[in-house]
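Structure first, commentary second.
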Amino acid sequence: MIDNLSDPPCDARMPGHADRARAAGMMQRAGLDALLIVSPEAFHWATGAPAGVAAGWRRLGAAMAVIPADPSAPVGAVASDLFAGPALAAGCAPLRTHPIWPEALSLRAVMRDGASAADLIAAATADRPPGFARPATFDRAAALAQLRALLADQRLAGARLGVELSAVPAADLPALEAAIAPARVIDASALIDRLRSRKSATEIALLRQAGAITEAALKALIPAIREGATRAALGRHFLDLVQQHAAGASAPVTAWEYVGFGTSPWSSPGTLSPGDVIKVDVGAVVGGYSADLARTFTLGPAPRLAREVFAPLLDAFEAGRALFTPGTALATIHETCIRTVHAAGFPSYARGHVGHGLGASIWSEEWPFTAADSDVVLEPGMVMAFEMPWYLDGIGGFIVEDMLLITDTGAETLAGATLPRGLVAL
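Going by the numbering used here, the letters in the sequence shown line up with residues 436 to 861, in that order.
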């Protein structure tokens, strides 16, 4: 058990994926002394450690990280006692803990030959206060008390804290403000999004693996897209193929799929028949980092209406893809794509965004979005999904999408490079 009364010995490495120099500059311009990170995904980004099972409820307090504006100061964290080990190993300092519901102990430090289980457990729990009891899930007040102590440890007791308020439930905000007063709570959600939009080398490596697995699995799925196939069978087969191609991955691999066919973009009753439009929008997830790749096929020759719909989407994709270079405004890419579809005879086409950031989020889409109202320009280190979809009930669902890494000179395709972008007849 970690002693909350004193700082534990801690690895001196800086944890997590945050660019501390960039973060320092952004905090200075915003007048902030530190950032308070509270979402499970951003906690992992800030610390390199998992937020733990208590974060599954997405309530404030399960796991929190404090990134000081001083780039030489380590990232501090509040973690559950069950997940203190990974946070300690990652280099979080100071590290404070709070108990959660599982009765779990490390006996390694007290192991001795001949000791009974009761003696070992008694020794491991000797520092528990009288009346110690675990909460039903986790105790928000106890976690916030540890946050207050952490801020004092970091000399941030009266700080201007940039908080990831987009991840703080409204029901938890008053408790946060009361617990850390006189520190001030300032919404830094947008600043944190910007920090996370440029990926570290480790994050890029995970996304590169996710992209390669996704592309290989999608290619391997194509022979199964045959007459008589069901939507459920194709979806399951893709998920199985991901696992088959994940043998060399450096982190756990999961996947998601939106496979559909027929004239409805949203449901695929029955079995695949000649003339059907098939939309395959899929992604492997490596260590929490998701790929995103999509292609559209037809079973047999493409019907006339499908060709008429897909042609302007492909033209728009090619026009937009050429603009993925550092310094290009996402709004410019969106405007180019929409204008291209309009010019092809479809002036009502009104897709809100034609792509999004990729990383570790609660699903496959994260900020920034390639949209008309975006103020973002592309920077090296961003990983983006670029897509041109159109969902037309009565004809079918259409999409072409690649996964791109912005480089110093352009964009590298992380998923989609070996797959034709056109409407492929199978």
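Using N, Cα and C, we set each Cβ at its ideal position, and we do this for glycine too.
### Best match in E662, G646 and A623 for proximity to M838 [C-alpha to C-alpha]
G646
### Message
Check whether the region 611–624 and the region 685–698 touch, using three or more Cβ-Cβ pairs below 8 Å as the test.
### Response
no
### Query
Does the distance from the CB of A684 to the CB of I648 come in under 8 Å?
yes
### Query
Do you know how far the Cα of T805 is from the Cα of T767?
9 Å
### Query
So, do the region 652–670 and the region 627–642 have three or more beta carbon pairs nearer to each other than 8 Å?
no
### Task
On the DSSP bridge assignment, give the partners of I639 in chain order.
In DSSP, I639 forms no bridge with anything.
### Query
Taking DSSP as the reference, what is the three-state secondary structure of S838?
According to the sequence as given, residue 838 is Met; it is not Ser. Correct three-state label for M838: strand.
#### Entry: Where H533 falls: helix, strand or coil (DSSP)
DSSP, read as helix, strand or coil, puts H533 in strand.
### Message
Does R661 pass the burial test, meaning 16 or more other C-beta atoms within 10 Å, or should it be called exposed?
### Response
So R661 counts as exposed.
### Task
With a 10 Å radius around its C-beta and 16 neighbouring C-beta atoms as the bar for buried, classify Q581 as buried or exposed.
buried
### Query
What residue from F781, L861 and V473 has the CA that sits closest to S624's CA?
V473
### Query
Apart from the five residues on each side of it in sequence, which residues of its chain come closer than 7 Å, Cβ to Cβ, to L840?
I639, V818, A846, E847 and L849
#### Entry: Host beta strand (DSSP E) of F696 (start-end)
Where F696 is concerned, the enclosing beta strand (DSSP E) stretches over V688 to F696.
### Query
If you pair each beta-carbon of the region 755–765 with each one of the region 591–604, do three or more pairs fall below 8 Å?
no
### Query
Over what stretch of residues does the beta strand (DSSP E) that includes W802 continue unbroken?
E801 to A806
### Query
Using 8 Å as the Cβ pair cut-off and three pairs as the minimum, do the region 454–470 and the region 504–515 touch?
yes
#### Entry: Spatial neighbours of A779 in its chain, beta-carbon cut-off 6 Å, leaving aside the 5 residues before and after
P747
### Where D446 sits in the DSSP three-state scheme
Its pLDDT being 36, under 50, D446 is placed unreliably in this model, and the coordinates cannot settle the point.
### Query
Can you tell me where the beta strand (DSSP E) with G511 in it begins and where it stops?
Its beta strand (DSSP E) spans residues G511 to S515.
### Task
Give the DSSP-derived three-state secondary structure of K714 in the structure shown.
strand
### Task
Give the secondary structure of W480 by DSSP, where H, G and I count as helix, E and B as strand, and everything else as coil.
helix
### Query
Could you check where the beta strand (DSSP E) with T731 kicks off and where it finishes?
L728 to T733
### Task
Kindly give me the distance between the Cβ atoms of P509 and G483, rounded to whole angstroms, as I take these residues to be in contact under 8 Å.
Going by Cβ atoms, the distance from P509 to G483 rounds to 12 Å, so no, they are not a contact pair.
### Task
Could you tell me how far apart the beta carbons of R575 and D548 are, in whole angstroms, since I believe they sit closer than 8 Å?
Between D548 and R575 the Cβ distance is about 42 Å, and since that is not below 8 Å, they are no contact.
### Message
Measuring only the C-alpha atoms, how far is V811 from L765?
### Response
6 Å
### Query
If you check the beta carbons only, do E801 and L728 fall under 8 Å apart?
no
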